[in-house]
Structures are given as structure tokens and as C-alpha cells.
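Numbering follows my numbering, with no gaps: position 198 of the sequence shown is 179.
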Amino acid sequence: MGSGALQKGCWKLTLRSHPSPNCGPRRDGARPDIVVIHYTAMPSAKAALDTLCNPENEVSAHYLIAADGAVMALVPEALRAWHAGAGRWGRVSDVNSRSIGIELCNDGFSPFAAAQMDALTDLLRGIRARWGIRPERVIGHSDMAPGRKIDPGARFDWRRLAHAGLAVWPDPCGSADTAGFVPLMRAFGYTATDNPDVLLQVFRLRFRPWASGPLDTTDAGLIHNLARRFPVDVNAACT
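Given below as C-alpha cells:
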């Protein structure tokens, strides 16, 4: 089992190499400008690693991060891993060709370990330095496949990543008219569906996991803030 280190500025991350055969070239000369975060929903890092490296499963990711913070490199960043599946983000429909996929060992119900979040933070800093990926294009699997996927789930700490400049979070902004919710969701990036119930579910999963009930003016105010500050595709590395 090989290992290596990636360094940039004041951070250093040690990687364990576990090459997965489940990859290929990025289509049409695409380069990554999105990061998609997943959870494994499996009982152990070993079980996830076996799945992601088994050619019969036809699934992979670029990285797998164990609960103890160990980072396993499965697919080179320049190649296309098979992690996203059907979905969209903004104008991007082949998300695999435009993204780097990161799997976190988590059952979907438990808090994410501090060591794991520390490792993810360092990994994202390096990815951002290498590819210039903007914070608003660090998304969850649920964001690009609403109604089909729910990872990384309600326990994932998006606010922590936003505070580190590695994701985004809405500013407190009061309320807004709910009539504009669906077009504002599209403007921010949620283009895989126009179903208002599915969009509300996926929005709250990430930004208001404690909320319940029908769409309200607080939801509308938050997405208005996000869509105004981070219109999808405007600052993408490529289109």
C-alpha cells in the first residue's frame, strides 16, 4: 500500500493509495469545476473501499475519508470517477466529467467525526488550489440528484466548510415572497428537477435540516440570498 503527501502553503495531507479501476477519461476535454460530497452508508471504511475498487460494481470516487481521518486516493483527479450518476448542477449534466467525488465513511445518521472533517477541510483546500474550484461549487450528492440521493445528509456540517471558505452558507436575511422559490433554486444551481416539494426537501436537508412544514418565507429569504450572491455557472471554470 503506497502513500504520499500533497502540500500547498501551510497544509499537508497524507494520502494512502488504493487505485480503483472504475474510472476513465473526462469527456470532451472537461476539467473539474465541481466537488461532490457523499457518504458511504456502509459499516466500515474497508467495506466501502472494497466496493469502490471492485470492477463489478462500476462505482468509484476520487477519495475516501475514514472516520479517523485517513484519506485514501482511489482515482487521479485528472480522470473521471464514477460517483455522481444521473443529475444536474446548473448547466452541467455530465457531473462525473466535471467533478471530483469525495466519499465520507458515515452511516447517514451519525455525526461526522472531527478527524474526518479536519481531513476533508485539508483535502478541499488542496483541490481548490489545484483546480480553482469556487466554494459555491462544492455541493452534496443530494444537491445534484434531488429526490434520488440524500447524502451527505442532515448531520453534515456545511456551516463549518463555509466558515473555512470551502462552501457557502446563506446570510441572515429575513423573509421573502415564496412565489419565487423554484426559479431562485434554479438560479443557484438546482436544475435537476422543478418539483417544488422535492426542491424544498433538498434545500432544507442542507440549509435548514431542523425545519418542517410547508415552504415559508424564511426558506424563500435564504434561497434569495444564495441565488443573488452565487448564481450558478457565472463563475464556473468552464461551461
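Quick reminder that beta carbons are idealized off the backbone N, C-alpha and C, glycines included.
DSSP state of residue i mapped onto helix, strand, coil
i: residue 25; result: coil
i: residue 213; result: coil
i: residue -2; result: strand
i: residue 81; result: strand
i: residue 5; result: strand
i: residue 121; result: strand
i: residue 40; result: coil
i: residue 76; result: helix
i: residue 31; result: helix
i: residue 133; result: coil
Range covered by the alpha helix (DSSP H) that runs through residue i
i: residue 109; result: 95 to 112
i: residue 164; result: 162 to 169
i: residue 183; result: 177 to 188
i: residue 143; result: 139 to 144
Start and end residues, beta strand (DSSP E) containing residue i
i: residue 61; result: 60 to 62
Nearest to residue i (by Cα), restricted to the options the options
i: residue 52; options: 72, 100 and 124; result: 100
i: residue 156; options: 203, 137 and 113; result: 203
i: residue 167; options: 183, 60 and 154; result: 183
i: residue 109; options: 19, 134, 80 and 85; result: 80
i: residue 116; options: 142, 191, 10 and 62; result: 142
i: residue 180; options: 144, 130, 145 and 63; result: 130
i: residue 122; options: 105, 97 and 77; result: 77
i: residue 186; options: 40, 75, 65 and 200; result: 200
i: residue 22; options: 128, 82 and 134; result: 134
i: residue 43; options: 82, 17, 10 and 65; result: 82
i: residue -5; options: 54, 27 and 125; result: 54
i: residue 124; options: 85, 145 and 169; result: 169
Residue burial classification, residue i (beta-carbon count within 10 angstroms, cutoff 16)
i: residue 68; result: buried
i: residue 87; result: buried
i: residue 160; result: exposed
i: residue 152; result: exposed
i: residue 215; result: exposed
i: residue 162; result: buried
i: residue 137; result: buried
i: residue 61; result: buried
i: residue 194; result: exposed
i: residue 28; result: exposed
Residues sharing a beta bridge with residue i, DSSP
i: residue 53; result: -3 and 45
i: residue 204; result: According to DSSP, residue 204 bridges with nothing at all.
i: residue 19; result: 84
i: residue 223; result: Outside the shown range of the chain (-18 to 220) lies residue 223, about which nothing can therefore be said.
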